[in-house]
Each structure stands twice: as C-alpha cells, then as structure tokens.
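These notes concern the structure reproduced below.
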Amino acid sequence: MQMQQIVNQPVIETERFDLRPLRRSDQGLIEMYAGDARVAKNTTTIPHPLPPGVVEALILRAVAEARDEDVWAMDGTKSDGGEVMGLISLTRLDRNQCEVGYWVAPAFWNTHLASDAVAALVQANPLGNDAMFGTVFQDNPASARVLTNAGFVYLGDAESYCVARDAAVPTWTYSCKLVA
Numbered sequence: 001m002q003m004q005q006i007v008n009q010p011v012i013e014t015e016r017f018d019l020r021p022l023r024r025s026d027q028g029l030i031e032m033y034a035g036d037a038r039v040a041k042n043t044t045t046i047p048h049p050l051p052p053g054v055v056e057a058l059i060l061r062a063v064a065e066a067r068d069e070d071v072w073a074m075d076g077t078k079s080d081g082g083e084v085m086g087l088i089s090l091t092r093l094d095r096n097q098c099e100v101g102y103w104v105a106p107a108f109w110n111t112h113l114a115s116d117a118v119a120a121l122v123q124a125n126p127l128g129n130d131a132m133f134g135t136v137f138q139d140n141p142a143s144a145r146v147l148t149n150a151g152f153v154y155l156g157d158a159e160s161y162c163v164a165r166d167a168a169v170p171t172w173t174y175s176c177k178l179v180a
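Going by the UniProt record's numbering, the sequence shown opens with residue 1, and the numbers climb by one from there.
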C-alpha cells in the first residue's frame, strides 16, 4: 500500500471550477496538455517535446511539505468540465510577494478560464502576500489581458528564457497589490 502525502494547500472554489492541489492521478492529463507545443511555447519552463519524468517531478515537488511554489489544478468536474483544464501556481518571493504562473489546455482557450483562475487567486490570496507579480510573453497578448482583467498593472518590459523555444523572449511584467 502506498500512502499519498496530504498537502497543506487550500482548495479555492469558484462557481464553475475549483483550484485544488495536484494529485498523482493528474499526471496523464498534465502530460497530454503540457506536451502540446502551443502550451509549452507560452511558458518559460515546459520543454518541448516533453521528456519522460518531467510531470512526475512537478507533482512530487507540488505535494512536498517544503516547497517554494504552490500549484493548483483547474478542476471543472463540478460543472461537467475537465478534471484538469490547466494549472496555476504561486511562487514565493522575498518581501512577502509571490509570482503567479498559469497555462490552460487549448481545448479550454477563450473560455475566460485563466482570467477566472487568476482572479480567484488574487481574491483568496492564499499565501497572505502583499503583492503578486506576473510575467507574460509579448507575443501572447491574451495572457496579458488575463492579468489586467484581474487588477494587475503594467510595470515594464524584460525578457525571459523559454525552454520550448530555446530562446530569450520579450516579456511584459505586471504587479497587483493584495489585501493580506
């Protein structure tokens, strides 16, 4: 018998989906969606093609007691949606700040899922932070709208390395003041 570790991370409920901690059973769906080049090329960290073991390692890090990033699955089963429609995370930064990251499976694009998920995290502020940051690639203006719709304001331009593109990509950085 193998015991699954219980993660000290809240479930954040919205009307049409829940943001819930990852489970080992999510691995297949995450591999299928994260293995899509369209998803990988809009993130900094997902390689393409997706090597074996990457998602398993992500899940193990996400359920570890000592971690610097909380990862939630966008789970739409409560409204006949997918069990994993995308992922959203908060990475702890210094000075009581965090950075949000997210991706949505292509089947759920243009459904306001990312906007609703980011807004839910901003409202819940599960880490009790003073500020949240977000960075998006400049060739993905839809992702920038997700942040601005959730109350983020533009800070400036930079660039980040994208593993799937094997290149530095221009980015826009945004911030949001939170009520702790």
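The beta carbon of each residue, even a glycine, is placed where N, CA and C say it ideally should be.
query	result
CB contact flag (Trp72, Pro106, <8 Å)	no
Asn110 classed as buried or exposed, judged by whether at least 16 other C-beta atoms fall within 10 angstroms	exposed
Bridge partners - Pro170, DSSP secondary structure assignment	Glu159
For Lys177: DSSP bridge partner residues	Ala131
Neighbourhood of Asp26 by C-beta distance below 6 Å, restricted to the same chain and skipping five residues each side	Ala73, Val84
Beta bridge counterpart(s) of Gly103 as assigned by DSSP	In the sequence as displayed, the identity of residue 103 is Trp instead of Gly. Answer is Leu87.
Residue(s) in a DSSP beta bridge with Val153	Ser175
Option nearest Thr148 by Cα separation, candidates Arg92, Ile30, His112, Leu93	His112
Where Ala119 sits in the DSSP three-state scheme	helix
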